[in-house]
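Report on the following structure.
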Amino acid sequence: MTKKYITSAIMLVVITGLILYINNESPIADRNKISPQEVKQKIDENYNMQIIDVRTKEEYLTGHIPNSILIPVDELRVKIHESVPDKEQKIILYCRSGNRSQSAMKILIELGYNNVYDLGGINDWPYDIEK
4 MTKKYITSAI
14 MLVVITGLIL
24 YINNESPIAD
34 RNKISPQEVK
44 QKIDENYNMQ
54 IIDVRTKEEY
64 LTGHIPNSIL
74 IPVDELRVKI
84 HESVPDKEQK
94 IILYCRSGNR
104 SQSAMKILIE
114 LGYNNVYDLG
124 GINDWPYDIE
134 K
């Protein structure tokens with residue numbers, strides 16, 4: 004009987020892991036999402052936060068969220084400390100569609116940043132952009 008429970012528990016863990024892997028979503032990613040409406044409200048209120056565009060320079064030049072800075076995701080580990088030395092600073096990340104911003108969020112959390120949020124993609128930004 005005990006073997007049966009252990010086998011069932013192992014199967015449950017494996018299935019849960021597969022579901023999380025297939026969905027490519029983590030609990031951190033879910034709770035660290037922020038909507039365009041929330042970000043826009045914070046911009047309008049001059050909230051103390053740093054918005055970071057993790058796309059390429061070429062993409063950034065085609066248009067970006069007002070007051071955002073560019074740190075491409077492949078340069079993030081090296082350049083983040085220059086732009087955001089305070090690991091408690093609220094950071095909002097975005098890219099084109101949401102994939103790179105999610106990767107960037109994981110990197111910043113690994114580096115010890117504690118207040119990181121994923122806006123997703125600029126494709127979902129319904130407000131004005133700067134060029």
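One gets the numbering used here by counting positions in the sequence shown from 1 and adding 3 to each. Note that the Cβ used here is the ideal one computed from N, Cα and C, for glycine as well.
Assign residue i to buried or exposed, taking buried as 16 or more other Cβ atoms, counted over all protein chains shown, within 10 Å of its Cβ.
i      : result
GLN105 : buried
LEU111 : buried
GLY123 : buried
GLY66  : exposed
ILE83  : buried
ILE13  : exposed
GLY115 : exposed
TYR97  : buried
VAL81  : exposed
With H, G and I counted as helix, E and B as strand and the rest as coil, what does DSSP make of residue i?
i      : result
LEU73  : strand
ILE112 : helix
GLU78  : helix
GLN92  : coil
ILE132 : coil
ILE55  : strand
ASN126 : helix
List the residues that DSSP assigns as beta-bridge partners of residue i.
i      : result
ASP47  : Paired residues: none, contrary to the question.
VAL119 : ILE94
LYS6   : According to DSSP, which records beta bridges pairwise, LYS6 is partnered with nothing at all.
LYS36  : ASP121
HIS84  : For HIS84, which the question treats as bridged, DSSP gives no partner whatsoever.
Exercise. On the three-pair Cβ rule with 8 Å, is the stretch 72-90 touching the stretch 48-55?
Worked result: yes
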